[in-house]
Structure formats: C-alpha cells, structure tokens
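In the working numbering, the protein residues as written are 493 to 602. In this text, a Cβ means the ideal position worked out from N, Cα and C, and glycines have one as well. Small disclaimer: the values here were computed from a predicted structure and weren't measured. Heads up, the thing below is written out as structure tokens.
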C-alpha cells in the first residue's frame, strides 16, 4: 500500500477512528494534571466565598469582608493559572512531511 507522506497502519474496519480525533475530547481539560492547581484554587475560592457569606449572615461584617477578599483573590488566581496554562500549549506549526503527533507511523519495509 502506498500513500502520500508517512506510512500508516490502515484501519481494520470502517468504524470511526475516535482514538485519533482532531477535535479536543470531552474531559481532556480535567484529565490534564497541569490544570489542577488552578482548579483547586477555584474550588478554594468558592468555599471561602460560602464561608464569607455565612460569617456575614451571622453578624461579623468585617471578618466577612476579609474572607470575601480572600475568595476573590483565590478565584482570580485560579482563573489566571488555567488560562496561562492553556495559552502555553498552543499547537506548533508542522511541516507537511512531519506526521501528526497522534498518527502512528510504520517505516517502509517493517
């Protein structure tokens, strides 16, 4: 079998190839451990915001304000971490003779 470009293992049936989809798969952001610090800070910010609301409802407005500032700081830092990590992983341009990273290649004669 000859093909333009690199050698590739042909599919065995006509089933859609979901292992090599070009679009991002669902849940890939959560599965990537590089995003976890940002997500943890977002969760902490949400929990501290709940604590600030409870403390404010009890009758300590000064303490509630301090907790609210901490919640905003944690949430903004978490958002920034997730966005900066996404920005740092933009796809690099490929030359036409390079196979896609998800394509398994088999050298000729193997």
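- Query: Can you give the Cα-Cα distance for residue 543 and residue 556, rounded to whole angstroms?
  - Reply: So the two alpha carbons sit approximately 8 Å from each other.
- Message: Do residue 570 and residue 533 have their beta-carbon atoms positioned less than 8 Å apart in this structure?
- Response: Yes. Within cutoff.
- Can you check the segment 516-560 for any alpha helix (DSSP H) of at least 4 residues that lies completely inside it and give the ranges in chain order? Counting only runs of at least 4 residues, the segment 516-560 fully encloses the following alpha helix (DSSP H) elements, listed from N- to C-terminal order: 520-523, 528-550.
- Candidates 526, 552, 520: closest to residue 572 by CA position: Here the closest residue by C-alpha is 526.
- Query: Assuming residue 540 and residue 552 make a contact with CB atoms under 8 Å, what is their CB distance in whole Å?
  - Reply: Wrong, their Cβ atoms sit about 15 Å apart, outside the cutoff.
- Below 8 Å on the Cβ atoms is my guess for residue 531 versus residue 574; work out the distance and round it to an integer in Å. Right, their Cβ atoms sit about 7 Å apart.
- Item | Same chain, Cβ closer than 8 Å to residue 576, five either side skipped, listed in chain order | Closer than 8 Å at Cβ, skipping near neighbours: no residue.
- Message: I'd like to know whether the C-beta atoms of residue 566 and residue 536 end up nearer to each other than 8 Å.
- Response: Yes, they are a contact pair.
- Query: residue 604 to residue 549, Cα distance in whole Å?
  - Reply: This structure cannot settle anything about residue 604, because the visible part of the chain is limited to 493 through 602.
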